[in-house]
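Q:
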Amino acid sequence: MKKPRRKSRGSITVLVTLILVPTIFFMSFMVDLARLKLYGNQAVMTADNYGEAVLTQYDNILKELYGLFAVTQNTEGKEALDTLQEYMKTSFNPTSNTISWGHLTSVLSSTSYSGFMPYSSAEVSLSYTAADNANLGNSDVLRTQVGDFMKFRIVQALYDGDDEESGILDMVTSVQNAANDAKAVDQRNDLTEAAEDLMEAAENYYTVLKVIKGYPDYITGINRAYSDAETAFLNITGSAAYLAYINYIRNREDIEAAQARQAALEEGESLSEEDQDLIDIYDTYCNTEGADASSLKSRFQDAIDDFKDSRDSEPVDFDNFDSIVTGLKEATASVKDKLERVQELRTELEATLNSNDISASVKQGIQEELDSLDELFNVNGSYSAANYVGLKDYIVANNPTTNGEYKQQTNEMAERMEDIADAYIDDEEPEDWLAILDKNEWDHFYSSATPKYVTLYDSLDTCFGGSGDENEANQKKKEANKLQEENEASLPENESSDARDIPSDFNMGKSTGSDSFAITRLIK
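Rendered as structure tokens:
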């Protein structure tokens, strides 16, 4: 027989309940403890803020240089402490969930802020005790402040090794160097003005020199014009007009006799074959345009005039070359004088810079400018005009004489051309053409034979040049415009194409109705 079991339901629920009671109590205690810790930290932070706010009331001028020890004791400062007390009380106001910031009413009007403030029974108060005579009005406090300042900061104030020229001793040195600094700056300004004058003189020298450098191109142009004239003479003597003319004058007497016989013919008579040939020569002469002596002579003269015109050129030709050389002499003298002046001023400035009574920063800045000046004009350690003068002397010694010889030769060439033209008109044997101008007779300074002058010119061209590049660019632009005009002229005037037309289905231009233009249809 089995023993019946007793029912024991609900025992676990009771056990759990008994366990939860102390657990809930412990958790509540920990929450309260955490909140106490939180508001304790808030109290510490508020106290720190209060202390920092109090420190802002110091009125000593040494507070930025040293410690903050003297607390103000005037009425305004004490009122500020009372205001700070209101700050603290507001932060800990436990009487209401709505905090009224009374001390901010003037700023925020009646605006209020709400927050959770526990411990309704807590009381918050602030008390302080003012230190007697703890202000700069107390001579002992002031002497202490000044003494501490001098004790701990005087060395740093006199000399600060971390910041060059920031200490008092460095400042005193700068003041002592002010006179020499000003003198150096004045000398530097004088040198700058002299250098500017020198640059202007050097540019004038370069401008004249550039014209002389182009003289061989002028000779090339004359030789080209002379060759063109010779070609023109050949074209004239080989033309149908000249052949008709020369055939006529060579047979003029026979032609006149044939014409007389032709006039005396009776009816039924005819000229001989020889007479008819002579009459045909005359007819060809009469019927060929420009076959007369005057027209042919005019054509020869045009070729001669073109050659003569080639002798008149800009910016240099036979006639103005001597005046250009005179201009070079004047430009060279100006460069020489101004170089000597620059050298003199630079020597004086260098002596000032080498003295010990000048600030390092001033010396460094001016020295950098001197180095830049040396790159422009210093030759072998000195400001020398030797190359300028030497190049001028080289040109003066050779070129004017050769220019005169060239001029005389071109006059002879023109006279020979006129004699040749007259010989062709008179059906005489012409003299030989004279040789063209020999460019090798020209002592060109810009050649491998005179490298130092080439170097001088190149340096001047680098400094003052650029006009040639500009002319080249303009020439390229003209060529491009000409090519564009030619291409435009080659296009048909009435080009027909529907490649650019918008289909009529898009109703381009319509603005009313449902068929108005829509960009969406164009996209589709």
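The letter at position 45 of the sequence shown is residue 36 when you use our numbering, and the numbering goes up by one with no holes. C-beta: ideal position from N, C-alpha, C; glycine also.
1) Throw me the rounded Cβ distance for the LEU182 and LEU336 pair, which I believe falls under 8 Å.
2) Since ALA412 and LYS288 are thought to touch, with beta carbons under 8 Å apart, how far apart are those beta carbons, to the nearest angstrom?
3) Which residues in the same chain as TYR276 place their Cβ atom closer than 8 Å to its Cβ, once the five residues preceding and following it in sequence are excluded?
4) Measure the alpha-carbon distance for GLY356 versus THR441 and round it to whole angstroms.
5) Could you give the distance in angstroms between the alpha-carbon of ASP328 and the alpha-carbon of LYS320?
6) Taking the alpha-carbon of ASN242 as reference, which of GLU260, ALA254, ASP271 has the nearest alpha-carbon?
7) Using the C-alpha atoms, what's the distance from SER346 back to ASN390?
8) Judging by CA-CA distance, which residue of GLN250, ASP449, HIS435 is the nearest neighbour of ALA593?
9) So, under 8 Å CB-CB, ALA186 and VAL333 are touching, yes? Tell me the CB distance rounded to an integer number of Å.
10) State the start and end residues of the unbroken alpha helix (DSSP H) segment that holds GLU359.
11) Might you give, ordered along the chain, the residues of its own chain that have their beta carbon closer than 8 Å to the beta carbon of ALA173, omitting 5 neighbours on each side?
12) My output table needs one value for SER289: the three-state DSSP class, helix, strand or coil.
13) Could you check which residue in ASP208, SER352, LEU340 has the C-alpha nearest to that of LEU364?
14) Please list the terminal residues of the continuous alpha helix (DSSP H) segment that includes ALA220.
15) Take the Cβ of ARG134 as the centre, count every other Cβ of all protein chains shown within 10 Å, and call the residue buried at 16 or more, exposed below.
16) Distance check for ASP245 and ASN431, CA to CA, integer angstroms please.
17) Looking only at its chain, what residues have a beta carbon closer than 6 Å to the beta carbon of ASP429, apart from the 5 residues adjacent to it on each side?
18) Would you give the residue range spanned by the alpha helix (DSSP H) that LEU330 belongs to?
19) Which stretch, first to last residue, makes up the alpha helix (DSSP H) that contains GLY281?
20) If LEU361 sits next to LYS354, beta carbons under 8 Å apart, how far is it from one beta carbon to the other, in whole angstroms?
21) Hey, TYR315 and MET408 are a contact pair by Cβ (cut 8 Å); roughly how many whole angstroms apart?
22) Measuring only the C-alpha atoms, how far is PHE309 from ASP293?
23) Assign SER373 to one of three DSSP states: helix, strand, or coil.
24) Taking the Cβ atom as the reference point for each residue, do SER393 and TRP433 lie within a distance shorter than 8 Å?
25) Could you spell out where the alpha helix (DSSP H) holding SER438 opens and where it closes?
26) Would you kindly report the start and end of the unbroken alpha helix (DSSP H) that includes GLU244?
27) Where does ILE15 land, buried or exposed, given buried means 16+ other C-beta within 10 angstroms?
28) Rounded to whole angstroms, what's the CA-CA distance from SER438 to SER450? Just pull it up for me.
29) Mind checking SER286: buried by the 16 CB within 10 Å criterion, or exposed?
30) Return the CA-CA distance between TYR233 and ILE227, expressed in angstroms with no decimal places.
31) Roughly how many angstroms lie between the CA atoms of ALA249 and ALA231, to the nearest whole one?
32) Give me the residue from ARG302, LEU425, MET404 with the minimum Cα distance to PRO207.
33) Report the rounded CA-to-CA distance for ALA322 versus ASN195, giving the unit in angstroms.
34) So LEU447 and LEU382 are supposed to be a Cβ contact under 8 Å. How far apart are they, rounded?
35) Could you give the distance in angstroms between the alpha-carbon of LYS204 and the alpha-carbon of ASN278?
A: Here's the rundown:
1) 4 Å
2) 7 Å
3) ALA235, TYR236, ASN238, TYR239, ALA282
4) 38 Å
5) 13 Å
6) ASP271
7) 50 Å
8) Since the first and last residues shown for the chain are -8 and 515, residue 593 lies out of range.
9) 6 Å
10) 351 to 368
11) none
12) helix
13) LEU340
14) 206 to 228
15) exposed
16) 53 Å
17) none
18) 312 to 344
19) Premise fails: GLY281 is in no alpha helix (DSSP H) and is neither H nor E.
20) About 10 Å separates the two Cβ atoms, so there is no contact after all.
21) In the sequence on display, residue 315 carries Ile and not Tyr. Not really, about 28 Å apart at Cβ, beyond 8 Å.
22) 22 Å
23) strand
24) Here residue 393 is Thr; the residue named in the question, Ser, does not match the sequence. Taking 8 Å as the Cβ cut-off, THR393 and TRP433 qualify as a contacting pair.
25) Per DSSP, SER438 belongs to no alpha helix (DSSP H) and is neither H nor E.
26) 243 to 254
27) exposed
28) 15 Å
29) exposed
30) 7 Å
31) 23 Å
32) ARG302
33) 6 Å
34) 6 Å
35) 53 Å
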